[in-house]
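See structure below.
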Amino acid sequence: MQLLVGGNRFIGIFHYLGEMKFIIFITLVLLLWLWLKLHHYRGMLLVILTIPMGFLLNQLVKRWVERPRPEIENQLKTFSFPSGHAMLGILYLLTIAYLLSERTHDEKKKWWYWIGAILIAFFVGLSRVAESRHFATDVIAGWCLGITWLCICIYWYKHKEKGHTGMKR
Numbered sequence: 520m521q522l523l524v525g526g527n528r529f530i531g532i533f534h535y536l537g538e539m540k541f542i543i544f545i546t547l548v549l550l551l552w553l554w555l556k557l558h559h560y561r562g563m564l565l566v567i568l569t570i571p572m573g574f575l576l577n578q579l580v581k582r583w584v585e586r587p588r589p590e591i592e593n594q595l596k597t598f599s600f601p602s603g604h605a606m607l608g609i610l611y612l613l614t615i616a617y618l619l620s621e622r623t624h625d626e627k628k629k630w631w632y633w634i635g636a637i638l639i640a641f642f643v644g645l646s647r648v649a650e651s652r653h654f655a656t657d658v659i660a661g662w663c664l665g666i667t668w669l670c671i672c673i674y675w676y677k678h679k680e681k682g683h684t685g686m687k688r
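Number 536 in our numbering belongs to position 17 of the sequence shown; there are no gaps in the numbering.
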C-alpha cells in the first residue's frame with residue numbers, strides 16, 4: 520500500500536473520475552446520448568434510477584451510519600461510510616458498460632466494456648484509500664452497495680422490457 524501513497528500520479532487520476540462534478544457531467548452526456556441519438560427513453564430512466572438515486576441512497580446510508588473519516592490533516596468533513604466515490608464509480612461506469620453491451624452483438628467488445636469499467640471503478644475506490652480519505656471497508660461497502668443497487672435497477676429495467684407491469688389484469 521505504501522507505493523500508492525505520497526503523490527502517485529497514476530492513482531491520483533482516478534480520484535477525479537469519481538468526483539461528483541465529473542459524474543454529473545458524464546451522466547448528463549449519457550442522458551443526452553440516450554435521448555437525442557438513440558431515443559432510448561427506458562435507458563434514460565435506468566440511468567436516472569441508477570446514478571442520481573444511487574447518490575441519494577449513498578447519502579442516506581452515510582447519515583444512518585455516521586462513521587468518521589480517517590484522521591489526517593485537512594480531512595473532509597462528511598461521513599466516511601460508504602465511500603461515495605467507490606459507489607458512484609461502480610454505478611456510472613457499470614451502467615455505461617451495461618448500456619454499451621446492450622447495443623452490440625460483438626462478445627469481445629462486451630468483455631472490454633465490462634473489464635474497462637470494472638478496472639476503472641476499482642482504481643477509483645483504491646484512490647480513496649491511497650489518499651487516506653476512506654478506510655478500506657468504506658470503499659468495499661461502496662462497491663458492494665453500488666453493485667447491489669445496480670442489480671436491482673437492471674432487474675427492474677429487464678422486467679419492464681418484457682412488458683411486465685407487476686399488476687394483474
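Glycine included, each C-beta is placed from N, C-alpha and C at the ideal position.
In terms of alpha-carbon separation, which member of the options lies closest to residue i?
i      : options                        : result
THR667 : HIS624, ALA649, LYS629, LEU613 : LEU613
VAL658 : HIS534, GLY603, THR623, TYR535 : GLY603
GLY608 : ARG622, LEU557, PHE574         : PHE574
TYR676 : ILE543, MET563, LEU549         : MET563
ALA660 : HIS559, PHE544, LEU576         : LEU576
LEU664 : GLN578, LEU638, MET539, HIS558 : GLN578
HIS559 : GLU621, MET539, ILE591         : GLU621
Check whether the Cβ atoms of residue i and residue j lie closer than 8 Å to each other.
i      : j      : result
TYR535 : PHE529 : no
THR546 : LEU669 : no
ALA640 : ILE615 : no
LEU619 : TYR632 : yes
TYR617 : ILE543 : no
LYS679 : ARG561 : yes
Counting only the same chain and skipping the five closest in sequence on each side, list residues whose C-beta sits under 8 Å from that of residue i.
i      : result
LEU645 : LEU523, ILE530, PHE533, VAL658
PRO589 : SER599, SER651, ARG652, HIS653, PHE654
ARG647 : HIS534, GLY537, SER602, HIS604, ALA605, HIS653, ASP657, VAL658
Which residues in the same chain have their Cβ closer than 6 Å to the Cβ of residue i, if we skip the five residues on either side of it in sequence?
i      : result
GLY537 : HIS604, GLY608, VAL643
Under 7 Å Cβ to Cβ from residue i, same chain only, skipping five residues before and after it: list those, please.
i      : result
LEU550 : MET563, VAL566
Exercise. How about the region 552 to 565 and the region 582 to 591: do they share at least three Cβ pairs that are nearer than 8 Å?
Worked result: no
Exercise. For the region 580 to 653, which segments carrying the alpha helix (DSSP H) assignment without a break, of at least 4 residues, lie completely within its bounds, in sequence order?
Worked result: 603 to 621, 626 to 649
Problem set entry | Inside the region 520 to 562 only - alpha helix (DSSP H) runs reaching at least 4 residues | 528 to 536, 539 to 551
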